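One structure below.
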Amino acid sequence: MKRGRRCEERSSMTFGNASANACLLWIWMLSSLSDSYTCSAFRGTTRSHAYKTMIPKVNFVQLKRSALRLRQNDYVSNDDELSNLLRSYGYDRRLLEIRPGDLPLLAEVFVDGTSVLGQIVQFLSSSVEPKVVVFLGTKLEQMVVDLGQVTTIWDKPVDHDADANLPPLPDWDEVVSQAQIFSKDNAEGAFDRLYRTRVGRARSSTNGLSKRDVTRLVQLYPDAEQARVVDVLLRKLIKAGSGLSRLVDSSVAKAYLFRGMPEKAGIQQRAVASYLLAHDAAAGGRFKRWPCGYVTSAFDQGSLLSISVLNGGWLVVDQSVRAGTEARKFVQRAADNDGTVSSVRAGKSSTAADERILQRLECLAMGELFSKETSDERDLELDVREVLNGMNQSLSPQGAKKALIQVGWWSGMESFDRIEPWPKEVLDASAWYSKWARKNLGSGEKRVDLTHLPAIAIDAKKTSFCDDAIGVRPRASTGRAVDLAVSKWEVLIHITDMSDIYAATSLDSIPDPEDHLLKLRDAARRRGTSRYDLPLGPLHLLPPVVLQALSLSSRKESHRCVTLWAYIDERTGRLRDAGIERTVISSPVHLSYEAATALMTDSTDANSKSFANKARAILLVSERNLQLWNNQHRDVNQAAQKREQRLAARALNNDVSHTFGASNGHFQRTRGHRLVDSSLQLYAYAINDLLRKAKAPIPIAAGADASRSARVATAPLRRYIDGESQRQALAVLCGYGTPMTIGECREAGIAANGARNAISNFRAVRKK
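Counting in UniProt numbering, the sequence shown runs from 1 upward without gaps.
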């Protein structure tokens, strides 16, 4: 047989003696796992070109070899049809050509349910696919495994010593120890980001293989056994998406895990990534092992020249499959062998999936059950259904309540006489903080005293916890320059100060040896946002006793706030000057939207004329300045224009619905509503602008940046991300606490997005 002829090995090879079974077949990489290891010289080259292009030789220990002989029934092809087929469909990125001269190589091997790192030293023939001889662990224990047990073959490490006999293996116990420490802070978020970047890469109907293509291509192979092998391989490739876009490996995982960290020499970081990826596949349900696949073999007069292998990795599973897997693992972690609660407890859920499931169970427990169109139990999220079925609970609010109490996420007895939608440790922390706040309000703090200035809080009649108020003050009283042609007033917008909760880790002002404040902050992060639209009542961001202690309640004489002062040009509406202060204000006057609108429209008040006139004056000055700024801002900001159009359309729809007797007309835009809306828009705009000028990052959720006219730091009692934004504003602009890094801001946004997505109305479920 001439050099370069190919053979598809499908049956057993015979060897002259026992020593022949220990022969080495040296391998050569066509392309590697990641861009950093890619050998571009081989992309698109012919096989004859590949033979001529050799990487520098490494002097390894040469084991005794003997010639391989083909069985008479071995299939012989004129060229490597299957390899060329894979290249034509875009799979060459992970097609490895195994050649003499480059063993041993590192590889991730799956043995007894565990992924370990080993060295491939030899390939042995088999009736189906080659066997692989590997040395495992630092003790280099020899073992023969199937090629399907090899998950990913690595390229040579860049720091490999050419004079060494074997590339060094890291100490696996050290790898496991480092991975366990590293996973506590970074692995969950990193792998979730990796999953989200790949799961959306759907299997294209116009690019890549289809099942119809596979059927057609398999028919081109006359040999039945070869046709079977090709069919299995091609159908496996379909699951990995066009160009294997849904496949990841330890090289990719390493880039996500150690992003922003210094690159360390050696293979330690990638070894840690391989361990964590295998562990996450077992615990998180995001990835599924996708082993190496045998493609072809090439021979010259009976001697093996090369073996082509499709390098494996970890397949990103569909969201529905992931949801079902995560639910089953949640149930397993929730009970010990005797059926008692164990690892899924308040504040100790091991994965982001656990928290998502718990949030959805909470919404179900508060009455969010089925969609209005179908009232079908299959409209429940798949993970919720799997969890309730696994815990032997009904698919109902009652069943969800029992499940939440069973895992310790809610507190109460199953008689439901009294249930608190919080873990016991959060309730204990809430009681501690409420008691501390009553005794220490404003003590020892440096704040601007604004208690002599009246403030007005405008909100809905049924609002329990108010977090914003407005007021005015003469600019001359501040000592700042006054231009009477501009205005003599500064508009004051007060937002309740939540720094006790969100900045607790960067401050030493509150003695908290039991970390109560950190528990409250974690509780806010997990819930993400308050829900007021649930049939059986609200789910607040934090327990009511904490919200009551922090809100602008009329029961208290003074309140701590983060106040924006704004100097607006009454001729043009431009914001001439602005800043924020840590303040103490008096208890605000509480008005409903309707009462504020009536007060601005009518100056008379028979019961309290003096009070009415003072409040009306504050409202009118605020309204005039804020309306001027709002008009000017809308003229120059496209996002503000679009927002105004959306609000106007909603108001019109409400009026039409109300005219025809529809029951869903609740949206209103009275003068009171417009005043509050403008004040909060100005607050968010100014905070964004001040932080941008300070070149500081801003914690925001997806779709909530300034370019979309979204609010920032205006509702810390209701939204977790607003509390984090307020924390950053205080640290950067007031010097109170430690500023957040870009990474911390990003993580806060990810947490807020995760909580929002967990309870969104979109249901991507698999109906059974």
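Just so it is clear, CB atoms sit at the ideal spot from N, CA and C, and this is done for glycine as well. Note that the coordinates shown come from a computational prediction; the quantities given were computed from them, not determined experimentally.
Cβ-Cβ separation between Ser622 and Val472: approximately 6 Å, consistent with a contact (criterion under 8 Å).
With distances taken between CA atoms, Arg560 lies nearest to Leu552 out of Arg756, Tyr567 and Leu552. Within the region 567-607, complete alpha helix (DSSP H) segments of at least 4 residues are found at 593-601, given in chain order. In the structure shown, the three-state DSSP call for Tyr294 is strand.
Assignment of Gly313 by DSSP, reduced to helix, strand and coil, places it in the strand class. Taking a C-beta distance under 9 Å as the contact criterion, Ala457 and His673 do not qualify as a contact pair.
The beta carbon of Tyr91 sits closer than 8 Å to those of Leu237, Gly243, Leu244 and Leu310, all from its chain and outside the five residues before and after it, given in chain order. As a beta-bridge residue in DSSP terms, Ser411 pairs with Glu420. When secondary structure is reduced to three states using DSSP, Cys734 falls in the coil class, being assigned neither helix nor strand. In this structure Leu564 is buried. Its beta-carbon is surrounded by 16 or more other beta-carbon atoms within 10 angstroms. Ranked by how close their Cα comes to the Cα of Ser434, the residues Val546, Ala758 and Leu492 have Val546 in first place. By the neighbour-count criterion, in which a residue is buried when 16 or more other Cβ atoms sit within 10 angstroms of its Cβ, Arg576 is exposed.
In this structure, Ile687 and Val712 form a Cβ contact; the two beta carbons are roughly 5 Å apart against a cut-off of 8 Å. Every unbroken stretch of the alpha helix (DSSP H) spanning 4 or more residues and falling wholly within the region 75-139 is given here in chain order: 81-88.
In the three-state scheme derived from DSSP, where H, G and I count as helix and E and B as strand, Glu445 is classed as coil. His279 is the residue among His279, His494 and Ile493 whose C-alpha sits nearest the C-alpha of Ser250.
For Ile618, the CB contacts under 7 Å within the same chain, skipping 5 residues up- and downstream, are Pro454, Ile456, Gly471 and Val472 in chain order.
Spanning the alpha carbons of Val295 and Glu81 requires a straight line of approximately 10 Å.
In this structure Tyr532 is exposed. Its beta-carbon is surrounded by fewer than 16 other beta-carbon atoms within 10 angstroms. One alpha carbon belongs to Ser477, the other to Thr583, and they sit about 15 Å apart. For Gly189, the CB contacts under 7 Å within the same chain, skipping 5 residues up- and downstream, are Glu747 and Ile750 in chain order. Around the C-beta of Val448, fewer than 16 other C-beta atoms lie within 10 Å, and the residue is accordingly described as exposed. Taking a cut-off of 8 Å on C-beta distances, the region 520-539 touches the region 421-441, as three or more cross pairs fall below it.
If you compare the alpha carbons of Phe191, Arg228 and Val232 with that of Arg259, the shortest gap goes to Phe191. Counting of Cβ neighbours within 10 angstroms places Thr529 among the buried residues, the total reaching 16 or more. In the DSSP assignment, Pro544 falls within the alpha helix (DSSP H) that extends over Pro544 to Leu550.
Here Gln645 is exposed, its C-beta having fewer than 16 other C-beta atoms within 10 Å. Inclusion of Arg480 and Tyr567 in the CB contact set at 9 Å is warranted, their separation being smaller than that value. When the beta-carbon positions are compared, Asp146 and Val132 come within less than 9 Å of each other. The Cβ-Cβ distance between Ala701 and Asn637 does not fall below 9 Å.
Between Gln268 and Val175, the C-beta gap is smaller than 9 Å, which places the two residues in contact. In the DSSP annotation of this structure, the continuous segment of the alpha helix (DSSP H) that includes His516 starts and ends at His516 to Arg527. Taken through DSSP and simplified to helix, strand or coil, Thr478 comes out as helix.
Restricting attention to Arg475, Ser115 and Leu626, the CA atom closest to the CA of Gly148 is found in Ser115.
In this structure, DSSP gives Gly260 a state outside helix and strand, which the three-state scheme calls coil. With a 10 Å radius around the Cβ and a threshold of 16 neighbouring Cβ atoms, Val144 comes out exposed.
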